[in-house]
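UniProt numbering applies: residue 1 is where the first sequence begins, and numbers increase by one. What follows is a set of notes on a single structure, which appears directly below.
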Amino acid sequence: MGTSQKEGLASSSDAAPIHRFYSRTTWIEGAAEEQLDLVSRLAGVSHVAAFPDLHPGKYGPVGSAILADRIYPQLIGNDIGCGMSLFALDLPARKLRLDKAAQKIRVLEEPWHGDPGACLAADGLPTDLHPVALGTIGGGNHFCELQELGSLSDDCLLAGTDIRKGDLMLLVHSGSRSLGMAVFGTVLESFSGLDLDSTVGRTYLAAHNDAVRWASLNRRLIAERAARALRSDLRLVADAPHNLIEEHDDGLLHRKGAAKADIPLVPLAGSRDALSYLLVPKADRPEALASLAHGSGRKYDRRSMAGRAGTTRSDRDGLIRTSFGGHVICEDRQFLIEEAPNAYKDPNQVLDDLRTSDLAQSVATLKPLLTFKKAVNRELAAARRDKHGRLKDRRAKR
DNA sequence: ATGTTC
Numbered sequence: 001m002g003t004s005q006k007e008g009l010a011s012s013s014d015a016a017p018i019h020r021f022y023s024r025t026t027w028i029e030g031a032a033e034e035q036l037d038l039v040s041r042l043a044g045v046s047h048v049a050a051f052p053d054l055h056p057g058k059y060g061p062v063g064s065a066i067l068a069d070r071i072y073p074q075l076i077g078n079d080i081g082c083g084m085s086l087f088a089l090d091l092p093a094r095k096l097r098l099d100k101a102a103q104k105i106r107v108l109e110e111p112w113h114g115d116p117g118a119c120l121a122a123d124g125l126p127t128d129l130h131p132v133a134l135g136t137i138g139g140g141n142h143f144c145e146l147q148e149l150g151s152l153s154d155d156c157l158l159a160g161t162d163i164r165k166g167d168l169m170l171l172v173h174s175g176s177r178s179l180g181m182a183v184f185g186t187v188l189e190s191f192s193g194l195d196l197d198s199t200v201g202r203t204y205l206a207a208h209n210d211a212v213r214w215a216s217l218n219r220r221l222i223a224e225r226a227a228r229a230l231r232s233d234l235r236l237v238a239d240a241p242h243n244l245i246e247e248h249d250d251g252l253l254h255r256k257g258a259a260k261a262d263i264p265l266v267p268l269a270g271s272r273d274a275l276s277y278l279l280v281p282k283a284d285r286p287e288a289l290a291s292l293a294h295g296s297g298r299k300y301d302r303r304s305m306a307g308r309a310g311t312t313r314s315d316r317d318g319l320i321r322t323s324f325g326g327h328v329i330c331e332d333r334q335f336l337i338e339e340a341p342n343a344y345k346d347p348n349q350v351l352d353d354l355r356t357s358d359l360a361q362s363v364a365t366l367k368p369l370l371t372f373k374k375a376v377n378r379e380l381a382a383a384r385r386d387k388h389g390r391l392k393d394r395r396a397k398r
C-alpha cells in the first residue's frame, strides 16, 4: 500500500458495506483485504463489491467495484478503459495450421499502418486522439490470444448465441496505452476525489470516457490485424472493459479490475496455461454492482516472480509452450517470467466462486492455442545496440 | 500499466 494513499485519501468513520463474492477458503492476500477496508471508508463511497480475483493494486484492490458520489481517478489508475474483447473468427479450427498461424500473427509486432483518423472518426472520437499507439497491444498482462471454443454440459445457453463448439476465437486484453496514462497524469493528486459538477471533474470524466472508447477501438483494431493475417473475417462477441468509471443512477461506479457485467456475455480470462471461460452474468444481483471477476487474479506480484519462474533453462523453454499444445509468442523474457502461469490464481476457483455466489453461468470454455504477448521492439533494440555497441544483457544487472 | 529502467 502506498503511503500517499494513507496520507492523502479522505476517510470517513462509517464504512460502506462490502459484498464479498468468494468463499472463506479462497486465497486472498491480506493486503488486498486491507485495501478493500480502506476504500470502503473513503468519503462518499456507498457500496463495495469484491470478486474472487481480488489482489492488491497500487492505489486500491484490483478485482473490486466501488460506488461513490464522486470521482476517484486513482482507483482506476493509468490504464483507463483496459478490458477484454472477444471475437469469433470465420475460420474453422480444423483448417488452422498452428505453426503457420504463429508466424502470421507476428504482424502484431509491427506498428499499425492503418488509417487512425478514419477509425477514430467512425467511433465518434477526435481524429487526432493519440493515433500513435493505436492498434498495439502494449506490455504487462496484455495479450492477443487465439482460442478454440469448447462446449460445456449445458448446451442450451450456447444455443442462444451465434457461436459454436470448435469455433476459433480471438481474446484481446489491452487498454488505452499511453493515452490513459496521460489522462491520469492530469489528476494525479486528486486523492480526496473529484466532484462531478466541478470543471476538473467534468474534464477528467470526458477525457476518461474518450480513453475508454479509444481502448475498445484499440482492441478491435488488434483483433482485425490478427484476423486479416489469418485470412479470416471476424465478429465481436463481447466487449468487456474492467477498468473504468461509469455514471449510474445511484452514483459513480468505479470498476477496478472488475468486468462490466451488464452485457450478455463476459469473458473470464485464465492464465495463458489455463482455460478461459465465457460467462453469462445473472441480471438480478444489484449488490454485485453490474460487475464480475475479470480473470484469475494475480497470486504473486511481478517483482516476486524472478525466483518463481524461468529459473532453469528447461523452465524458461516451458514458458513458451502450454499444456494444451499451444505456443506463447513473447520475446521479452522479463514479461514471460512476470506473467508466468504460476503468477496467477486458479481460474477454476474463481469460476467456482462466481457460480456459488450465483453471479454467472459459464457457457463455454476457451482453450488457448496461440498467445501473442510482445515481440522485441526492433527500433528500441537497435537504439540500445548503437548506444552500447552490443545488446544489453539483463542478467548482468542483477 | 508506461516510447519503462541512462
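Just so you know, even glycine gets a beta-carbon here, dropped at the ideal spot from N, CA and C.
In this structure, how does DSSP classify residue i when only helix, strand and coil are distinguished?
i	result
residue 354	helix
residue 264	coil
residue 55	strand
residue 119	helix
residue 304	helix
residue 144	strand
residue 330	strand
residue 282	coil
residue 256	strand
residue 150	strand
residue 293	strand
residue 15	coil
residue 195	coil
residue 188	coil
residue 111	coil
residue 93	helix
residue 133	helix
residue 238	strand
residue 309	coil
residue 343	helix
residue 288	helix
Considering only residues of the same chain and omitting the five flanking positions on each side of residue i, which have a CB-CB separation below 7 Å?
i	result
residue 112	134, 135, 136, 221, 225
residue 255	65, 242, 243, 244, 291
residue 367	147, 148, 150, 275, 324
residue 116	131, 134
residue 14	none
residue 273	322, 323, 341
Could you compute how far the alpha carbon of residue i sits from the alpha carbon of residue j?
i	j	result
residue 187	residue 74	8 Å
residue 193	residue 70	6 Å
residue 177	residue 105	20 Å
residue 21	residue 61	14 Å
residue 223	residue 337	25 Å
residue 119	residue 131	10 Å
residue 172	residue 237	12 Å
residue 359	residue 52	12 Å
residue 32	residue 203	30 Å
residue 310	residue 29	24 Å
residue 228	residue 266	24 Å
residue 26	residue 108	37 Å
residue 253	residue 289	8 Å
residue 16	residue 349	27 Å
residue 39	residue 47	10 Å
Among the residues of its own chain, which have a CB less than 6 Å from the CB of residue i, if the five just before and after it don't count?
i	result
residue 19	49, 287
residue 93	148, 166, 168
residue 85	172, 219, 239
residue 332	374
residue 329	372
residue 363	157, 158, 278, 280
residue 270	276, 296, 347
Hey, is residue i close to the ligand ATP, as in C-beta under 8 Å from one of its heavy atoms?
i	result
residue 270	Absent from the structure shown: the ligand ATP. Ligands present: none.
Ends of the alpha helix (DSSP H) at residue i?
i	result
residue 245	From DSSP, residue 245 is part of no alpha helix (DSSP H) but of the beta strand (DSSP E) over 243-248.
residue 181	177-185
residue 313	313-318
residue 337	333-338
residue 203	199-229
residue 368	Note, residue 368: premise wrong, no alpha helix (DSSP H); beta strand (DSSP E) at 360-374.
residue 36	30-40
residue 101	98-104
residue 75	73-76
Quick one: give me the first and last residue of the beta strand (DSSP E) that residue i is part of.
i	result
residue 415	With the chain represented from 1 up to 398, any question about residue 415 goes unanswered, as that position is not in the structure.
residue 65	62-68
residue 167	167-174
Apart from the five residues just before and just after residue i, which ones in its own chain have a Cβ nearer than 8 Å to its Cβ?
i	result
residue 343	271, 298, 299, 300, 302, 305, 308, 309
Are the region 80-89 and the region 50-60 touching, with three or more C-beta to C-beta distances below 8 Å?
-> Touching, no.
Would you call the region 197-217 and the region 111-126 touching, i.e. three or more CB-CB distances under 8 Å?
-> Contact between the region 197-217 and the region 111-126 is present: three or more C-beta pairs spanning the two stretches fall below 8 Å.
Taking three-plus beta-carbon pairs below 8 Å as touching, is the region 233-247 in contact with the region 206-214?
-> The region 233-247 makes contact with the region 206-214: 3 or more CB pairs, one atom from each, lie closer than 8 Å.
Report yes or no: do the region 318-332 and the region 83-97 share at least 3 C-beta pairs separated by less than 8 Å?
-> Too few Cβ pairs lie closer than 8 Å, so no.
On the three-pair Cβ rule with 8 Å, is the region 227-236 touching the region 34-51?
-> Contact between the region 227-236 and the region 34-51 is absent: fewer than three C-beta pairs spanning the two stretches fall below 8 Å.
Specify whether the region 265-285 and the region 298-306 touch according to this definition: at least 3 beta carbon pairs, one from each stretch, less than 8 Å apart.
-> Counting C-beta pairs with one atom in each stretch, the region 265-285 and the region 298-306 have fewer than three that are closer than 8 Å, which means they do not touch.
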